[in-house]
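J.: Just so you know, we're using the working numbering here: the sequence shown kicks off at 353 and counts up by one. Pasting a structure here, questions to come.
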Amino acid sequence: MWIGCSDSRVPAETITNANPGDLFVHRNIANLFSPSDDNTMSVLEYAVRVLKVDHVIVCGHYGCGGVRASLLPLSSDLPHVNRRIAPLCALSERHREELESFTELDARANRLAEMNVLEQVRLLRQTAIVRDRDEPPLVHGWIFGLHDGHINVLASGYDHARKTKDDARLTHASLEAV
Ligand SMILES: [Zn+2]
Numbered sequence: 353m354w355i356g357c358s359d360s361r362v363p364a365e366t367i368t369n370a371n372p373g374d375l376f377v378h379r380n381i382a383n384l385f386s387p388s389d390d391n392t393m394s395v396l397e398y399a400v401r402v403l404k405v406d407h408v409i410v411c412g413h414y415g416c417g418g419v420r421a422s423l424l425p426l427s428s429d430l431p432h433v434n435r436r437i438a439p440l441c442a443l444s445e446r447h448r449e450e451l452e453s454f455t456e457l458d459a460r461a462n463r464l465a466e467m468n469v470l471e472q473v474r475l476l477r478q479t480a481i482v483r484d485r486d487e488p489p490l491v492h493g494w495i496f497g498l499h500d501g502h503i504n505v506l507a508s509g510y511d512h513a514r515k516t517k518d519d520a521r522l523t524h525a526s527l528e529a530v
């Protein structure tokens with residue numbers, strides 16, 4: 353399953369060289385995963401429980417207009433967009449100090465785009481739909497560079513699964529030691 357941005361320059365199949373039938377795609381402004389939104393949640397539920405996907409990929413991109421908008425004064429003409437990007441505004445507020453270290457707005461927006469991907473990965477891993485499956489799907493966080501065509505992996509589902517298993521083993525071992 354793919355969660356990507358609506359931006360026409362980031363078509364999921366094209367940038368991954370996938371074929372029809374390969375990806376189950378959900379796209380919205382700034383690739384946000386909103387647990388309170390039935391559109392997003394129904395796509396995830398169907399992908400995980402019916403299609404039984406093994407991988408959920410959140411793919412952001414540098415130069416994202418939605419992410420950039422969250423760093424600028426909100427426009428009163430765009431009430432729906434404003435509501436959608438509210439979590440992004442909150443995220444930028446939480447990381448205000450680091451973001452303000454970038455003087456250029458574009459650089460600040462690109463760093464926030466990375467933080468946004470990691471945040472959506474975190475939220476996805478927390479949802480019951482992902483967590484409660486016997487073999488949970490791996491959640492990955494990627495970011496695409498419009499300028500170079502490269503995909504950077506910001507969060508690997510493989511690393512996370514390994515770490516979770518190691519943590520469980522350690523907890524088990526320390527319990528046995530007690
Ligand atoms: Zn975008």
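Backbone N, C-alpha and C fix where the C-beta goes; we use that ideal spot for every residue, glycine too. This structure is a prediction, so every number in the text was calculated from the model and none was measured.
#1: For Leu498 versus His413, is the C-beta distance shorter than 8 Å?
#2: Cα-Cα, which of Cys416, Asn371, Tyr398, Pro372 is closest to Asn380?
#3: May I have the straight-line CA-CA distance separating Glu452 from Asp458, to the nearest angstrom?
#4: Can you list, in chain order, the residues of its chain with a C-beta nearer than 6 Å to that of Val395? Leave out the 5 residues immediately preceding and following it.
#5: Looking at the unbroken beta strand (DSSP E) that takes in His499, where does it start and where does it end?
#6: Excluding sequence positions up to five away, which residues of its chain have a Cβ less than 8 Å from the Cβ of Leu370?
#7: Let me know the secondary structure DSSP gives Asp451 once reduced to three states.
#8: Would you mind reading off the limits of the alpha helix (DSSP H) that contains Arg379?
#9: Classify Ala399 as helix, strand or coil using the three-state DSSP reduction.
#10: Pick out whichever of Asp374, Val482, Pro372, Arg448 has its Cα sitting closest to the Cα of Gly509.
#11: So, helix, strand or coil for Ile409, using DSSP?
T.: Taking the structure as given:
#1: yes
#2: Comparing Cα positions, the closest option is Cys416.
#3: CA-to-CA, the gap between Glu452 and Asp458 works out to about 12 Å.
#4: Taken in chain order, the residues that qualify are His378.
#5: Where His499 is concerned, there is no enclosing beta strand (DSSP E), given that its DSSP letter is neither H nor E.
#6: As written in the sequence, residue 370 is Ala, which differs from the Leu given in the question. Excluding residues within five positions, the ones whose Cβ falls inside 8 Å are Ala364.
#7: Asp is not the amino acid found at residue 451; the sequence shown has Leu there. In this structure, DSSP gives Leu451 a helical state, which the three-state scheme calls helix.
#8: Where Arg379 is concerned, there is no enclosing alpha helix (DSSP H), although the beta strand (DSSP E) it sits in stretches over 377-380.
#9: helix
#10: Val482
#11: strand
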